[in-house]
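Below you'll find the structure, written out as structure tokens, and then a few comments.
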Amino acid sequence: MLWSWLKRAIRAEWLGPADLPNSLTMEWRLIAVRWVGILVVGPALPFLNLPLNHLAAAYAILVFATVYNLVVRAWMQGRPDLFASGYVTTVCDSLLNIAMVSVGGGFSSPFSYILFTVTISVAMRYGFGPAMAMTMLFVAGEGIEIILLRQAPDAAFAFRSGFLMVTAILASYLRSLTVKAELALHDRLGELQRLYADLAVAHQELLSLDEAKTSFLANVSHELRTPLTSIRAFSEILLSYNDDESVQREFLGIITTESERLTRLVNDVLDVTKIESGQMEWRDERLDLVALVDQCTRAFTPLADHAGLDFRLELPALLPPITGDADRLQQVIHNLLNNAMKFTSDGTIALRVSVCGEWIHIAVSDTGVGIAPSDQQRVFEKFQQVGDTLTGKPKGTGLGLTICRDIVAYHGGQLMLHSQPGQGSTFTIVLPIARTERLAA
Ligand code: ADP
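If you use the working numbering, the sequence shown corresponds to residues 1 to 441, in order.
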């Protein structure tokens, strides 16, 4: 019981308070070391055959050392600036030890062993230089004592001086090893912390990728189910319906439309997954952009006419040749023109091509419903169809703009959107001339 209490008390005294800053650890350990010194020297003093006045002086020094250690212990945390460097306690410890050595009978008395403890503690705090200086001070002190007592330096003086120096060297060497190990540990710790942070970011990215994949799968399944359900329902009705031929034709029309929608959806899903997984086969070649745009407009003009929309084309006679995949770039322009037509009930659709410094701009504008500022980022995301849900979902897969953005990005460009709700939208394909020419080289 008493033993375990004692063990706990010794441990607590050695470790110090839980909130002790690192800079004070060494100073706190030296408090415990001082207690050991006081406890060893106190009971040993009567056995050293000291004259009575020296014995009294030695006990006085011991009492002073006890008070000093208590004061250091009490003030340590309150005045870390005073103690962290260790200068104050080093000076006090040295003075106390020299006083004890003097009253105890000089450097040749058993008290000279204390000098080794002081040397070690100085080496542990400050390293080789100060420890050696302290050793030289002790050697010089003993030298002066020898001269004052008119004695000749003996073997004991030589041994003491030599071993004090060896102690200083070994203790400072141990200190330098500890400091190096601590620095290396600190470096490793910093590196580990950086690696851990990188790992946490990668983990987060993987989680969000996984989440995106799951929601993509859920969206695809949901979008596939709608046309499949109608195809199945109308086919089943047709199987048992023979009466009215016009109704039969209407049902077949619905089945065809839904099948087309299904095909579009499957094609779009394939495009998105191929582009985003890097498996798309691109057929890059030198392109005549004038011919490419011209071809798109020839297919589009009759559709715009049919929808009662005015279609305008601004195409320079000459454009710098660019390198890219003709089919894919046409797919982007078609998609933008079709969207413009889908979301414009009357007015104008315009296709303007221009050169802007190092860039070619292909802008598709309409005077349609427009897109609210809060939705302008969202329309480029997968399966995002915005606008008035009351008027029904527009025909489409919600993947068109995602594919357009990815194709333009492959060509080193950007797909930009400017839109005013109620006034219309402009989607601009911005392609870098420099990059496309570099590809061609
Ligand atoms: P979808 O195949 O459904 O058209 P997109 O990715 O091409 O899919 O477009 C996503 C959504 O962006 C559309 O459903 C529509 O809400 C909006 N949008 C695209 N183009 C226009 C446009 N020219 N005018 C207004 N809204 C548009």
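Don't be surprised by glycine CBs; every beta carbon is placed ideally from N, CA and C.
Coil, strand or helix - residue i by DSSP
i: Thr301; result: helix
i: Arg249; result: helix
i: Ile518; result: The chain is shown from 1 up to 441; residue 518 falls before or after that span and cannot be answered.
i: Leu390; result: Per-residue confidence for Leu390 stands at a pLDDT of 41, beneath the threshold of 50, marking its modelled position as unreliable; the derived number appears in the next sentence. Reduced to three states, the DSSP call for Leu390 is helix.
i: Leu319; result: coil
i: Leu20; result: coil
i: Arg188; result: helix
i: Pro227; result: helix
i: Gln204; result: helix
i: Glu258; result: helix
i: Leu238; result: helix
i: Pro80; result: helix
i: Ile144; result: helix
i: Gln377; result: coil
i: Gln295; result: helix
i: Thr214; result: helix
i: Pro153; result: coil
i: Phe138; result: helix
i: Phe159; result: helix
i: Ile371; result: coil
i: Asn49; result: coil
i: Thr117; result: helix
i: Asp244; result: coil
i: Met280; result: coil
i: Lys382; result: coil
Residue i - partner residues in DSSP beta bridges
i: Met124; result: Paired residue(s): none; Met124 is not in a bridge.
i: His418; result: Thr426
i: Ile349; result: Phe311 and Asp366
i: Ser354; result: His361
i: Pro432; result: Trp359
Own chain partners of residue i with C-beta closer than 6 Å, once the 5 adjacent residues on each side are dropped
i: Ala363; result: Arg352, Thr426 and Thr428
i: Arg11; result: none
i: Arg438; result: Legend: pLDDT at Arg438 = 48, less than 50; position of this residue unreliable, no value from coordinates given.
i: Lys274; result: Met280
i: Val220; result: Val269
i: Gly442; result: In the structure as shown, the chain starts at 1 and stops at 441, and residue 442 therefore has no counterpart that could be examined.
i: Gly424; result: Asp366, Thr367, Gly368 and Gly370
i: Ser161; result: Val139
Boundaries of the alpha helix (DSSP H) in which residue i is found, first to last residue
i: Ala57; result: Leu52 to Trp75
i: Ala326; result: Ala326 to Lys342
i: Asn97; result: Tyr87 to Val103
i: Ala9; result: Leu2 to Leu15
i: Gly106; result: It is not in any alpha helix (DSSP H) - Gly106 carries neither H nor E in the DSSP assignment.
i: Gly400; result: Gly400 to Tyr410
Rounded Cβ spacing between residue i and residue j (contact assumed at less than 8 Å)
i: Thr344; j: Asp366; result: 4 Å
i: Glu119; j: Ala131; result: Here the sequence assigns Thr to residue 119, which means Glu is not the residue at that position. With a Cβ gap of about 6 Å, Thr119 and Ala131 count as contacting.
i: Asp93; j: Ser121; result: 7 Å
i: Ile360; j: Leu319; result: 7 Å
i: Leu262; j: Leu228; result: 7 Å
i: Ala168; j: Ala123; result: 6 Å
i: Phe157; j: Glu142; result: 6 Å
i: Leu309; j: Gly278; result: At roughly 38 Å, the Cβ-Cβ gap does not stay under 8 Å, so Leu309 and Gly278 are not in contact.
Run of the beta strand (DSSP E) containing residue i, from where it starts to where it stops
i: Glu27; result: Counting along the chain, Glu27 falls outside any beta strand (DSSP E), though it belongs to the alpha helix (DSSP H) covering Thr25 to Ala44.
i: Arg286; result: Asp284 to Leu287
Neighbourhood of residue i by C-beta distance below 7 Å, restricted to the same chain and skipping five residues each side
i: Ala304; result: Phe311, Met341 and Ile349
i: Ile114; result: Asn97, Met100 and Val101
i: Lys393; result: Legend: pLDDT at Lys393 = 49, less than 50; position of this residue unreliable, value from coordinates given subsequently. Result list for Lys393: Gln385, in chain order.
i: Ile255; result: Ile231, Phe234 and Ser235
Neighbourhood of residue i by C-beta distance below 8 Å, restricted to the same chain and skipping five residues each side
i: Leu96; result: Ile61, Phe64, Ala65 and Tyr68
i: Gly104; result: Leu48, Leu50, His54, Ala58, Pro110 and Phe111
i: Thr89; result: Glu27, Leu30, Val72 and Phe83
i: Asp284; result: Thr323, Gly324, Asp325 and Leu439
i: Cys296; result: Gln330, Ile333, His334, Leu337 and Leu351
i: Glu145; result: Gly106 and Phe107
i: Trp5; result: none
i: Leu164; result: Leu115, Phe116, Thr119, Thr135, Phe138 and Val139
i: Lys382; result: Phe216, Asn219, Val272, Gly398, Leu399 and Thr402
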